[in-house]
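Engineer:
In this note's numbering, the protein residues as written are 320 to 404.
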């Protein structure tokens, strides 16, 4: 299954670092949600918001040539969906 920029997909948090969270998208694909894309508010400690194993819905922001996938949790929410229309 191909992933397209702008698409919403479901995934599972597979790892957390101080700069963001890695999301397992299935089919041996992993993307990164930068800490600035986790929530509308300031996130000081990502561990306060996410933990490994959490199911999340993300929006695909960018796919680079080396299959580096940039994701956003906050832009996948319904409130942002209406703002972008």
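Yeah, the Cβ is synthetic: ideal placement off N, Cα and C, and Gly gets one too.
Considering Cα atoms alone, identify which of 348, 324 and 394 is closest to residue 331.
Structural biologist: In the chain shown, counting from the first residue as 1, residue 331 sits at position 12. Answer by Cα proximity: 348.
Engineer: Given that a residue counts as buried once 16 or more other Cβ atoms are within 10 Å of its Cβ, and exposed if not, what is residue 345?
Structural biologist: By one-based count along the chain shown, residue 345 stands at place 26. By the Cβ-count criterion, residue 345 is exposed, with fewer than 16 other Cβ atoms from all chains shown falling within 10 Å of its own Cβ.
Engineer: Could you please give the first and the last residue of the uninterrupted beta strand (DSSP E) stretch that includes residue 371?
Structural biologist: Residue 371 sits at position 52 when you count from the first residue of the chain shown. For residue 371, there is no enclosing beta strand (DSSP E), as DSSP marks it with neither H nor E.
Engineer: Could you check if residue 350 is buried or exposed, using at least 16 other CB atoms within 10 Å of its CB as the buried criterion?
Structural biologist: Counting from 1 along the chain shown, the entry for residue 350 is found at position 31. So residue 350 counts as buried.
Engineer: Can you tell me whether residue 394 is helix, strand or coil according to DSSP?
Structural biologist: As a first step, residue 394 must be located in the chain shown, where it is residue number 75. Here residue 394 sits in helix by DSSP.
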